[in-house]
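Worksheet: one structure, shown below.
Quick look at the structure:
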């Protein structure tokens with residue numbers, strides 16, 4: 072539904088819910104600290120890079 076309504080406004084990176092993703096807040100932690108090498112943590116790093124790359128591209132446009 073988001074893709075249909077917002078298309079190009081969405082980031083390419085998708086954060087998939089994993090068991091570790093769900094466990095992290097229960098343990099009082101972010102997924103980046105709780106499971107730093109897991110796929111959810113990697114997805115958040117990828118999203119951060121995508122956001123920063125987009126911001127830098129706008130600065131140099």
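Numbering (my numbering), first residue to last: 72 to 132. Even glycine gets a Cβ: it sits at the ideal position worked out from N, Cα and C.
For the 8 Å CB-CB criterion, residue 118 and residue 82 form a contact. In the DSSP assignment, residue 125 falls within the unbroken alpha helix (DSSP H) covering 110-130. In the structure shown, residue 82 adopts coil according to DSSP, grouped into three states. Annotated three-state conformation of residue 96 is helix, per DSSP. Non-local beta-carbon contacts of residue 84 in its own chain, meaning distances under 7 Å to residues more than five positions away in sequence, involve 114, 117, 118 and 121 in chain order.
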